[in-house]
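Heads up, the final residue of the sequence shown is numbered 516 in the numbering used here, and it's a clean run with no missing numbers.
We put the beta carbon where it would ideally sit given N, CA and C, even for glycine.
Below is one structure, written out as structure tokens, with a few remarks after it.
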Amino acid sequence: MAQIAGQSGLFITLEGGDGAGKSVQSNALLQRLEERGVTAVLTREPGGTPLGERLRDIVLSLAGSGDSPLHPLIETFLFVAARAELVERVIAPAIARGDVVVCDRFADSTVAYQGFGRGVEAEVIERLNEIATGGLRPKLTVLLDLSVEAGLARARAAGTADRFEREAVAFHERVRAGYQTLAEREPDRWLLVDARQSPDAVAESIWRRVEPLLKRRS
Ligand code: TMP
């Protein structure tokens, strides 16, 4: 897979439970970057390429529907396959050009959902992520933290619930606690934001952390 040598761009990811507001905040961040004249790319996982979007459809709806639930390890493979494709085709080339890449979910989602949520072994996920990303890691990861109750209410109000949004509250509680553990383990990389705040206030907290990173690049 892609080997990321001599990175010159900036890689930022947004993470959080369902309904935490990642899409709104990813778009808001992209807009601020563009207003600053920064060349930025916004993408999402799973998705971001034609193959990735097809894998997204499968993993969020078709696979595992009906009587036979999708095996957690196979679910992991599908997310990781989408990740490898996105890194290879979109993220690595953009970083190499010196762009800022904003990605709505990345490798930490698999650790939180398939690892903490479904119980897939941490070492397995770490190894698969390493292969899929070629060792590429975000400089900054924003965790939009919200109670499971509030997040699911928002996500469900937004439309038809996907396979994950239909999961039990206990699953989502494990995902949330998993994210909090990840953020505590690597405080330099993670920015934890209280997603109960207004979208503008959340966007402001994110921007305060991103702006100095832009200056450091130039
Ligand atoms: P989204 O609704 O934030 O776009 O994400 C789609 C769903 O996929 C969300 O419920 C989280 C889940 N997901 C995983 O379980 N593992 C992963 O690696 C990724 C990227 C997403």
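Within the present structure, is the beta-carbon of residue i separated from the nearest heavy atom of the ligand TMP by less than 7 angstroms?
i	result
Q323	no
T408	yes
P436	no
P370	no
E343	yes
F375	no
R464	no
L358	yes
R352	no
Q478	no
On the CB-based measure, 16 or more other CB atoms within 10 Å of its CB, does residue i come out buried or exposed?
i	result
T337	exposed
V500	buried
Q412	buried
L308	buried
I429	exposed
T479	exposed
Let me know the secondary structure DSSP gives residue i once reduced to three states.
i	result
D397	coil
T458	coil
F377	helix
A453	helix
G314	strand
L480	helix
D486	coil
S445	coil
P391	helix
Candidates the options: which alpha carbon is nearest residue i's?
i	options	result
L490	I504, K513, V399	I504
R507	R494, F462, P485	P485
V357	P348, L368, T347	L368
R454	R354, A318, Q329	A318
E509	S321, S496, E421, V398	V398
T458	V322, L331, S359, N325	S359
F404	A448, T347, R435	R435
Tell me, which residues are paired with residue i by DSSP?
i	result
R342	D402
T439	T311, W488
Comparing the C-beta of residue i with each C-beta of chain B, is any distance below 8 angstroms?
i	result
P391	As a matter of chain content, chain B is missing from the structure shown, which is built from one protein chain.
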